[in-house]
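There are 2 protein chains.
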Amino acid sequence: MARVVVDVMPKPEILDPQGKAVHQALDRLGFGGVADVRQGKRFELAVDGDLTEERLAEVRRIAETLLSNPVIEDFEVRIEEPVA
Amino acid sequence: MARVVVDVMPKPEILDPQGKAVHQALDRLGFGGVADVRQGKRFELAVDGDLTEERLAEVRRIAETLLSNPVIEDFEVRIEEPVA
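Quick note, the sequences are listed as chains A and B, same order.
Taking the numbering used here, the leading residue of the first sequence gets 653, the next gets one more, and so forth.
Taking the numbering used here, the leading residue of the second sequence gets 653, the next gets one more, and so forth.
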């Protein structure tokens, strides 16, 4: 069993209204010193068995087709930790 | 300028309907071999100036009060990269 993390973030050139709302809230609440906020999604997948190249390629396909919208979002697949 | 990442995930003992929906969709789409999916949020904060202990403590306060709901979510603050 292995834990794989998929981070999905809006592409840099895409407006991010959620992140902008958080940023404005920070200003209102008196938290200064933050120049920008972007909000995305984080998925943690528990993958059965050993994390072979094949399995990892499948996770990338999942990330591309189901977890992200490639038109407006970038994704990154990371192996978090091997679970005993 | 520094980039700080705040990961917000549902606590392990909390039901995660979003993650469950993704998991079921994986099964339907023929992606086997995934035992569990949890879905959370990822925030990227661009912080002005040097990342002092004080600034980092402020980001933790932001994460606790604005970015997460401590009753049902855990958060983790990570320094991603120093931006030149």
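Ideal placement from N, C-alpha and C gives every residue a C-beta, glycine not left out.
Is it the case that the Cβ atoms of residue i and residue j are separated by a distance below 8 Å?
i, j, result
"A:V657", "A:E716", "no"
"B:V660", "B:V674", "no"
"A:L678", "B:I714", "yes"
"B:R694", "A:R694", "yes"
For a test of the three-state rule: what should DSSP assign to residue i, helix, strand or coil?
i, result
"B:E706", "helix"
"B:I714", "helix"
"A:P722", "coil"
"A:P669", "helix"
"B:L681", "coil"
"A:A736", "Residue confidence is low: A:A736 scores 47 on pLDDT, short of 50, so the model does not pin down where it sits. Its coordinate-derived value is still stated next. Note: A:A736 maps to coil in three-state DSSP."
"B:R694", "strand"
"B:G701", "coil"
Less than 8 Å between the CB atoms is what I'm expecting for residue i and residue j, so what's the real figure, rounded?
i, j, result
"B:P662", "B:G692", "6 Å"
"A:L697", "B:V686", "5 Å"
"A:V612", "A:M653", "Only positions 653 to 736 of chain A appear in this structure, which leaves residue 612 of chain A out of reach."
Legend entry - Within 9 Å of chain A by C-beta, residues of the segment 691 to 724 of chain B in sequence order: Q691, G692, K693, R694, F695, E696, L697, A698, V699, D700, G701, R707, E710, V711, R713, I714, T717, L718 and L719
Legend entry - Residues from the segment 678 to 690 of chain B in contact with chain A, defined by Cβ distance under 9 Å: L678, L681, F683, G684, G685, V686, A687, D688, V689 and R690
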